[in-house]
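Just so you know, we're using the UniProt record's numbering here: the sequence shown kicks off at 1 and counts up by one. Worksheet for the structure shown next.
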Amino acid sequence: MTAVTTEVTTETTTTATTPATAAAVAASGEERAAGLRVEVRADGGWAAVCRLSDLVPGRGVAALLPDGRQIAVFRDRAGRTYAVGNRDPFTGAYVLSRGLLGSAGGRAFVASPLLKQRFDLATGRCLDDDAVSVPVYAVRTR
Numbered sequence: 001m002t003a004v005t006t007e008v009t010t011e012t013t014t015t016a017t018t019p020a021t022a023a024a025v026a027a028s029g030e031e032r033a034a035g036l037r038v039e040v041r042a043d044g045g046w047a048a049v050c051r052l053s054d055l056v057p058g059r060g061v062a063a064l065l066p067d068g069r070q071i072a073v074f075r076d077r078a079g080r081t082y083a084v085g086n087r088d089p090f091t092g093a094y095v096l097s098r099g100l101l102g103s104a105g106g107r108a109f110v111a112s113p114l115l116k117q118r119f120d121l122a123t124g125r126c127l128d129d130d131a132v133s134v135p136v137y138a139v140r141t142r
C-alpha cells in the first residue's frame, strides 16, 4: 500500500500595513455584516427576517413572515440572497431551508432534503417537474 501526501497552500493578500490595522479592517467588515438586515417583501411591505451575518453561505434558514407564512432564506457563496416558500410541494413538509444549494446552467437552486427535487431560487420553478413551483420573495439587505 502506498501512502499519498497532499499539500494545500492558501495565500491571503491584504492591504493593511500592520497587524493592528489588519485586525481593525477585519472587525469593521464583520461589524458591517453583523449590522445588515435581510428583509423580504411580503404583503406590500418589507419584513426584516434575520441579520446577514446569520446566513452561512451555502446554507439556509427558516423564517416566519408577519402573516404566518414560512419562508426559506439563503445566501449563496457569491453573497447573493434569496427567499422562497419553505414548504416542499412534493411532501408537504416545511424543509426547503434545510436543502442543499447548487447551480445548474448558471442558475442557483435548492435541492429538497427529502426527495431531492431542485427549485430555482430566482423563479421558484422546479427543475425536475415543470408543473411544480414554490413561491419566490423579493429580498434586500439594508
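Idealized CB from N, CA, C, for every residue including glycine. Fair warning: this is a prediction, and the values are worked out from it, not measured in the lab.
Legend entry - Helix, strand or coil at S103 [DSSP, three-state]: strand
Inset, instruction - Tell me where the beta strand (DSSP E) around R118 begins and ends. - result: Where R118 is concerned, the enclosing beta strand (DSSP E) stretches over 118 to 120.
Legend entry - Burial state of A104 (16 or more Cβ within 10 Å): exposed
Legend entry - Option in L127, G45, P113, C50 with minimal Cα separation from Y82: Closest by C-alpha distance to Y82, out of L127, G45, P113, C50, is C50.
Inset, instruction - Tell whether a beta-carbon distance below 8 Å holds between A122 and R107. - result: yes
Legend entry - Nearest-angstrom Cβ-Cβ length linking residue 187 and V134, presumed shorter than 8 Å: With the chain covering 1 to 142 only, the question about residue 187 has no answer from this structure.
Inset, instruction - With DSSP as the reference, please indicate the residues paired to A62 in a beta bridge. - result: Bridge partners of A62: A72.
Legend entry - Given F109 as reference, the closest of A47, F90, G60 once Cα atoms are compared: G60
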